[in-house]
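There are 2 protein chains.
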Amino acid sequence: MNDPTLLILASLAEGDKHGYAILTDVKTFAGVELGAGTLYAAIERLENRGFIKALPAEERRRPYRMTPQGRQHLKDQLAALAPVMRVGSLRLKQS
Amino acid sequence: MNDPTLLILASLAEGDKHGYAILTDVKTFAGVELGAGTLYAAIERLENRGFIKALPAEERRRPYRMTPQGRQHLKDQLAALAPVMRVGSLRLKQS
DNA sequence: CTCGTGTATTACGTACGACGCTATACTCTG
DNA sequence: CAGAGTATAGCGTCGTACGTAATACACGAG
């Protein structure tokens, strides 16, 4: 239902974060609590696609940074979503 | 990536439509061209969940109507998406 | 001291569904 | 009559969302 990659990119747009920090951030800004499996699997996919990259590990933490491609992808996703939101809420009101 | 059920509900929020009409409507308002398989599979799922219901067939056409539950679900989906959009675009601008 | 809670990541299995493709069938236009 | 547009159904595959459990460390409460 919810695309975790979108949530992760939106979270990393704020700045570098490690997995668990993304988890709590997403929970606060989106109200969605991702499962651990969902989160880390999505992170791996994002990394494979070059949308985020791993930074040097800090102790137990594995921080990630959004790449320019990731930023562009987030931008595209939001742009694609915008008309659906607009039309959807407009039509809901009309009836 | 794209949730076809969201697109279908947004389309049916305008009024009753049959499958092919949804297809063209979604293409115009969202710029997304759904495959036939994707569309009808998603329609079937929406019907099973009680979010839409089939109307009496007109010739070859099988029109569908959104139920109150479907309307509520669309509302919930859009409400869940809104903060993600808001935070996402805000954070994109900030950097 | 140990028990529970919070932080942090990894691995595994399952089930759903997105998507492409093909088939079918009717209608209309060139 | 060939081709494009309308309209739906079925099938197979692959990706992936999600739950669950395992591991490990740090901390405070009891």
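Top line first, the protein sequences correspond to chains V and X.
My numbering applies: residue 1 is where the first sequence begins, and numbers increase by one.
My numbering applies: residue 1 is where the second sequence begins, and numbers increase by one.
Think of the CB as a built atom: it goes at the ideal place given N, C-alpha and C, for glycine as much as any other residue.
Using 8 Å for Cβ pairs, my map puts residue i next to residue j. What's the rounded Cβ distance?
i, j, result
"residue 88(V)", "residue 13(X)", "6 Å"
"residue 74(V)", "residue 10(V)", "7 Å"
"residue 85(V)", "residue 82(X)", "7 Å"
"residue 4(V)", "residue 38(V)", "5 Å"
What's the gap between the Cα of residue i and the Cα of residue j?
i, j, result
"residue 59(X)", "residue 18(X)", "11 Å"
"residue 33(X)", "residue 26(X)", "7 Å"
"residue 46(V)", "residue 76(V)", "15 Å"
"residue 24(X)", "residue 80(X)", "26 Å"
"residue 92(V)", "residue 8(X)", "13 Å"
"residue 15(V)", "residue 94(X)", "10 Å"
"residue 6(V)", "residue 66(V)", "12 Å"
"residue 35(X)", "residue 36(V)", "32 Å"
"residue 78(V)", "residue 90(V)", "18 Å"
"residue 56(V)", "residue 61(X)", "58 Å"
Please state the DSSP three-state secondary structure of residue i.
i, result
"residue 33(X)", "coil"
"residue 58(X)", "strand"
"residue 65(X)", "strand"
First and last residue of the alpha helix (DSSP H) that includes residue i?
i, result
"residue 71(X)", "68 to 93"
"residue 13(X)", "It is not in any alpha helix (DSSP H) - residue 13(X) carries neither H nor E in the DSSP assignment."
Is the distance from the Cβ of residue i to the Cβ of residue j below 7 Å?
i, j, result
"residue 64(X)", "residue 52(X)", "yes"
"residue 69(V)", "residue 50(V)", "yes"
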